[in-house]
Amino acid sequence: MTDQAVQPATAGPGPHSCTGRDRELRALRADLESAGLHTMSGRPLPQSRVLLIAGAAGSGRTTLAEEFVRQVADRYPGGVLRARLTEPGGIPVPTERTARDLLASLARSTGPARPPGEDAAPPDPPPGADPADVAEALRSALERRGRVLLLLDDVADSEQLLDLAPESRDCLVVAVSSGPLTDVPDVRPCALGGLDRASAVALLSRHAGSSPRVTVDPRSAETLIEQCGALPAALTLLGGWLGAHPKRSLLDASRALAGSGPPGREAEQTAEAARSPAAPDPLERSFWLVHDSLPRPLGRLLRLLALAPAGFVDPQLASALGGCSLSTAHAALDDYVRLGLLRPLDSGHYQVPGCLDPLLRAASAAHEQPDEVLLARARMLERLVSRLQACRAVCEPSGSEARRQLAGMPRALRFLHPLEARSWLRTRRPALLSAVRAAVAEGAGELDTLARRLVSALARAFDAHEAPEQAASDRYELHELVLLVAERNGRHRERAAALLNLGDLDARTDRWAEALVRYRAALDAAREGEDEWAAGRALESLGDGYAELADWDRAADWYGRALALRLARDEHADRAATARLHGRIGAVHTRAARPEEALRAWRAAAAAFRRLQEPAARARALAEVAAVQEQAGRWQDALRTWGQACEVSRGAGDTGPAAELALRAAEACERAGSLREARRYRTAAARLRRPAAGTAGAAGAAGD
2 MTDQAVQPAT AGPGPHSCTG RDRELRALRA DLESAGLHTM SGRPLPQSRV
52 LLIAGAAGSG RTTLAEEFVR QVADRYPGGV LRARLTEPGG IPVPTERTAR
102 DLLASLARST GPARPPGEDA APPDPPPGAD PADVAEALRS ALERRGRVLL
152 LLDDVADSEQ LLDLAPESRD CLVVAVSSGP LTDVPDVRPC ALGGLDRASA
202 VALLSRHAGS SPRVTVDPRS AETLIEQCGA LPAALTLLGG WLGAHPKRSL
252 LDASRALAGS GPPGREAEQT AEAARSPAAP DPLERSFWLV HDSLPRPLGR
302 LLRLLALAPA GFVDPQLASA LGGCSLSTAH AALDDYVRLG LLRPLDSGHY
352 QVPGCLDPLL RAASAAHEQP DEVLLARARM LERLVSRLQA CRAVCEPSGS
402 EARRQLAGMP RALRFLHPLE ARSWLRTRRP ALLSAVRAAV AEGAGELDTL
452 ARRLVSALAR AFDAHEAPEQ AASDRYELHE LVLLVAERNG RHRERAAALL
502 NLGDLDARTD RWAEALVRYR AALDAAREGE DEWAAGRALE SLGDGYAELA
552 DWDRAADWYG RALALRLARD EHADRAATAR LHGRIGAVHT RAARPEEALR
602 AWRAAAAAFR RLQEPAARAR ALAEVAAVQE QAGRWQDALR TWGQACEVSR
652 GAGDTGPAAE LALRAAEACE RAGSLREARR YRTAAARLRR PAAGTAGAAG
702 AAGD
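Just so we're on the same page, our numbering is the position in the sequence shown counted from 1, plus 1.
This is the structure in structure tokens:
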């Protein structure tokens with residue numbers, strides 16, 4: 002089974018079909034069959050085989066890779082996984098992020114059955130783990146999976162590939178890059194150039210429409226192909242331009258292409274055209290030819306698509322960027338597809354081709370004012386926040402405030418069912434995370450408020466639709482981004498909250514050393530922000546951490562500080578927390594074999610729960626008092642306290658805990674040699690359990 006959830010951007014057809022690459026496909030299949038120099042020499046490499054498809058932007062390297070993967074996928078029952086290793090804008094994707102995405106994709110896909118008796122796979126590395134450990138976990142998972150094909154698009158350097166490639170000859174890595182990866186051992190390169198003449202003519206004709214202009218004027222067609230460098234992407238754009246201008250001849254297209262280019266280079270372009278009919282940058286010339294022919298509204302919206310997170314576009318996002326209606330945005334996106342400017346995906350989604358992304362960014366920088374770009378980004382983020390709020394609200398109970406707000410949203414923003422919302426969230430996950438990263442990195446303060454709202458909305462959507470362990474790494478990254486924004490703006494309270502959340506995520510995976518560092522930093526931030534609640538929370542969390550590490554002295558110290566802060570506030574809302582802290586202090590002193598301190602703390606907890614009118618909790622605290630007295634050899638006091646605990650527990654009305662407490666009291670009496678009291682407690686426990694047993698028996702009889 003193939004899995005395309007890692008990076009759908011590379012999973013669909015390219016902006017042009019795989020035309021004229023039969024020779025390259027045969028060469029790739031031959032490389033796949035060949036043994037390789039190291040194997041022939043008797044020294045096979047431990048890593049998987051790597052096939053490299055290298056070529057300039059617009060040469061169709063991704064499309065060729067996808068076609069080759071489609072042809073050989075049935076040889077790899079472990080599945081086909083995809084990842085793009087360079088973000089729009091040319092920034093390499095961190096290896097840890099790619100590895101986690103691939104691990105999540107493996108978890109969602111169905112692989113071959115595990116042999117009987119084979120140990121279960123080890124858990125994924127926790128959030129915040131060392132990037133090298135995450136990459137090692139991915140390689141191990143791929144090796145356990147068996148024959149897996151890994152398609153890595155836009156590989157920036159050899160190290161990226163080597164960090165991800167499994168150490169198994171049963172796996173295959175197909176890498177797509179702009180140049181050679183010289184540091185990868187035994188890599189088998191396939192270098193792409195332009196198309197042959199017949200294939201270039203066929204591609205140009207297909208995109209130029211039904212007009213016979215290309216076939217009736219072969220000389221002009223050859224000139225155009227030379228001007229495009231026979232690059233598939235440039236020919237696709239030029240064909241789209243011809244299709245949009247059915248009355249223009251090929252000679253007109255050649256002249257227009259020779260004079261096209263970025264604004265401000267007219268003199269340079271004229272000189273270049275006089276020296277040579279071939280443009281120095283065919284893809285750039287073709288792009289600007291199409292761009293300059295667009296009506297002003299279409300050209301503006303196209304340029305703003307450079308802001309699309311991870312290059313994902315849909316009508317909702319396009320309408321927000323352009324400030325236009327949904328129908329207008331939908332029609333514009335379809336026009337861009339016909340012109341070769343967008344790649345259609347499934348379910349009404351589109352992708353900005355990687356080769357056009359830098360050109361869109363250059364066009365935006367040349368034509369758009371910074372304030373307009375900032376406003377467009379703000380509209381897009383606001384729309385994403387609304388969609389995420391709707392994504393979470395659809396999971397709320399009927400009649401709740403969230404559902405009422407959802408009903409008031411425009412139909413285009415709402416979700417009708419939680420399954421629809423969950424599917425949307427999983428499909429958009431890469432784009433949503435990319436939008437958050439971009440807002441934080443490029444906001445420079447202007448978009449920080451929107452960035453915080455987007456982080457909050459995305460975290461809540463994950464809470465509604467994903468299990469905690471499924472989105473743990475995403476939540477960790479979101480809290481780190483919140484921390485960055487808070488530090489940049491001097492928001493101490495937000496900084497404390499982010500550090501507490503990060504510490505909790507570390508604690509859930511038993512990374513207590515890292516958690517303690519986070520909690521100490523949270524305490525400092527809370528004090529700077531005069532946030533007593535966060536300070537108390539950090540103090541208590543520090544106590545939890547040292548208790549987990551069995552450092553009883555430090556645990557008692559931090560719990561004591563937290564208790565002192567709670568008592569100083571003297572608020573009714575803190576009374577339950579105060580009672581709980583007394584109990585934690587008692588537990589720590591019990592483990593440290595300090596009976597007097599433990600008794601004081603447990604008695605204080607019991608008294609606090611009595612004031613709160615929580616008999617069940619009070620009974621548990623009294624039972625702990627009795628256990629400590631028993632350990633100290635104070636049997637008479639212990640038996641008296643056991644009796645008090647049982648009496649309070651029966652008054653709570655919950656027979657199950659009361660019966661359990663009576664049995665514990667009976668065992669204590671037996672240890673003390675008071676057999677008569679022990680029988681009394683056991684009789685009481687049996688009587689407390691009898692109604693539940695009778696009810697179960699009646700239910701069974703009714704079923705019979």
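All C-beta atoms in this analysis are idealised placements derived from N, C-alpha and C, irrespective of residue type, glycine included.
Would a C-beta distance cut-off of 8 angstroms place P316 and A330 closer than the cut-off?
Cβ atoms of P316 and A330: closer than 8 angstroms.
Going by alpha carbons, who is nearest to G355 out of V626, A627, D155?
The shortest C-alpha separation from G355 is found at D155.
Inspect the beta-carbon positions of L225 and L205 and report whether they are closer than 8 angstroms.
Going by beta carbons, L225 and L205 fall inside the 8 angstroms limit.
Considering only the alpha carbon of each residue, which of P213, E160, L236, A522 lies closest to D197?
Comparing Cα positions, the closest option is L236.
Under 7 angstroms Cβ to Cβ from E495, same chain only, skipping five residues before and after it: list those, please.
Around E495: V483, A487.
Simplified DSSP assignment, three categories, for C191
Looking at C191 - three-state DSSP - the assignment turns out to be strand.
Which residue marks the beginning of the beta strand (DSSP E) containing R50, and which one marks its end?
50-55 is the span of the beta strand (DSSP E), which, as asked, contains R50.
Short Cβ contact (8 angstroms threshold) for G244 with H292
The Cβ atoms of G244 and H292 do not sit closer than 8 angstroms to each other.
Would you check if there are 3 or more beta carbon pairs closer than 8 angstroms linking the stretch 405-420 to the stretch 433-452?
At 8 angstroms Cβ cutoff, the stretches do not touch.
Between which residues of its own chain and P431 is the CB-CB distance below 6 angstroms, once the five residues before and five after are set aside?
Setting aside the 5 residues that flank it on each side, P431 is surrounded in the same chain by A311, each with a C-beta closer than 6 angstroms to its C-beta; the list follows chain order.
With DSSP as the reference, please indicate the residues paired to Y520 in a beta bridge.
The partner list for Y520 (beta bridge, DSSP) is empty, contrary to what the question assumes.
Going by other Cβ atoms of all chains shown within 10 Å of its Cβ, with 16 needed for buried, is S328 buried or exposed?
S328 comes out exposed.
Considering only residues of the stretch 349-419, which uninterrupted alpha helix (DSSP H) runs meet the minimum length of 4 residues and lie entirely inside it, listed in chain order?
If we require 4 residues or more, the alpha helix (DSSP H) runs fully inside the stretch 349-419 come out as 358-368, 371-394, 402-408.
Tell me whether the stretch 454-461 and the stretch 335-351 touch, counting them as touching only if at least three CB pairs, one residue from each stretch, are closer than 8 angstroms.
No, the stretch 454-461 does not touch the stretch 335-351.
Checking 8 angstroms against the spacing of the C-beta atoms, do A569 and L540 come in under that value?
No, the Cβ-Cβ distance between A569 and L540 is not below 8 angstroms.
May I ask you to report which of helix, strand or coil DSSP gives D154?
DSSP, reduced to helix, strand and coil, places D154 within a strand of the structure shown.
At least three beta-carbon pairs within less than 8 angstroms, the stretch 17-32 to the stretch 135-149
Output reads no: the stretch 135-149 does not touch the stretch 17-32.
CA-to-CA distance, C172 to L162, given in whole angstroms:
Pairing L162 with C172, the inter-Cα distance amounts to about 14 angstroms.
Option nearest G654 by Cα separation, candidates E625, W636, A620
It is A620 whose Cα lies nearest to the Cα of G654.
Which residues mark the beginning and the end of the alpha helix (DSSP H) in which R719 is found?
Shown here, the chain extends from 2 to 705; a query on residue 719 therefore has no answer.
If you draw a straight line from the C-alpha of A363 to the C-alpha of D552, how long is it?
Note on geometry: alpha-carbon atoms of A363 and D552 lie some 58 angstroms from one another.
Using alpha carbons as the reference points, say which of P264, A462, R592 lies closest to E369.
Cα-wise, what sits closest to E369 is P264.
Relative to the alpha-carbon of A476, which residue among L152, P127, R691, T20 has its alpha-carbon at the smallest distance?
Residue identity check: residue 476 is Arg in the sequence provided, not Ala. For R476, the nearest C-alpha among the options comes from P127.
Status (buried if at least 16 other CB within 10 Å, exposed otherwise) for E88:
Looking at its Cβ environment, which holds 16 or more other Cβ atoms inside 10 Å, E88 is buried.
L303 - containing beta strand (DSSP E), residue span:
Unbroken run through L303 is the alpha helix (DSSP H), 297-305; no beta strand (DSSP E).
Which residue wins for smallest C-alpha separation from E615, given the options R423, R581, W636?
Per the Cα distances, R581.
Simplified DSSP assignment, three categories, for R690:
The answer is helix: DSSP assigns R690 an H, G or I state.
I'd like to check one pair, A526 with A497: are the Cβ atoms closer than 8 angstroms?
A contact, by the Cβ cut-off of 8 angstroms.
Anyone know if the C-beta pair for A259 and L239 falls short of 8 angstroms?
No.
Whole angstroms are fine: how far does the CA of V81 sit from the CA of A74?
The alpha-carbon of A74 is positioned some 7 angstroms away from that of V81.
Reference E160; option with closest CA among A199, S200, V94:
Nearest option by C-alpha distance: V94.
Proximity winner among A100, D638, E34, relative to R76 (alpha-carbon distances)
The candidate whose alpha carbon is nearest that of R76 is E34.
Measure the C-alpha to C-alpha separation of L689 and A618 and round it to an integer number of angstroms.
For L689 and A618, the gap between their C-alpha atoms comes out near 19 angstroms.
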